[in-house]
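So in our numbering the end of the sequence shown lands on 435, straight run, no missing numbers.
First up is the structure itself, then whatever we jot down about it.
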Amino acid sequence: MRKLCWVFLLLAAPAWADWVLVYEIDEASFYIDPASVRKKGGRLMVSGLQDLKVRDIDGAASRRAQAEYDCANARYRLVSLVVYPEPMGRGKILWSMDANPDGWTTIPQGTGVEVFLGIACTQ
């Protein structure tokens, strides 16, 4: 789960997004909104959703995020994160944040983030 939490970080989209399941583990399902994917040079902007199968300690059942991916350097950065008490990004926002725009993170090997990046960056 620790490594795959980062999957979500690649992924905030509006509640009306058409979510597509891209990865699933015992603890959560990970979705993207294909209409949100924007490519510019070697970078991608993506909106995604992490739907937890069990609420976390803060009462969150889902998280939406927007992230930017650097295909050439296999890294990403979180742009924003919104946490919800209900599945699929529903309910009153528990908390949200905008991320540090310089906060690039290397993509861990063997994770869903790496799998997604490999597909998305070759499109």
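For each residue, glycine too, the CB sits at the ideal point set by N, CA and C.
Sequence-distant partners of S408 (beyond 5 residues in either direction) whose C-beta falls short of 6 Å from its own C-beta, in its chain, are V394. Taking 8 Å as the upper bound for CB-CB distance, L364 and A377 are not in contact here, some 13 Å apart. Exclusion of the five residues before and after R355 leaves E380, Y381, D382, C383 as the residues of its chain whose Cβ lies within less than 8 Å of its Cβ.
The shortest C-alpha to C-alpha distance from V349 to any of F342, A340, S341, G360 is the one to G360. Under the DSSP assignment, S392 falls in the beta strand (DSSP E) whose first and last residues are 387 to 396. Secondary structure at E426: helix, using DSSP grouped into helix, strand and coil. Under the 10 Å beta carbon count, D345 is surrounded by 16 or more other beta carbons and is classified as buried. Short of 7 Å from the beta carbon of T417, and not among the five residues preceding or following it, lie these beta carbons of its own chain, in chain order: R387, Y388, R389. Counting C-beta atoms within 10 angstroms of its own C-beta, R402 has fewer than 16 neighbours from the protein chains shown and is therefore classed as exposed. Annotation: the continuous beta strand (DSSP E) that includes M409 extends over 407 to 410.
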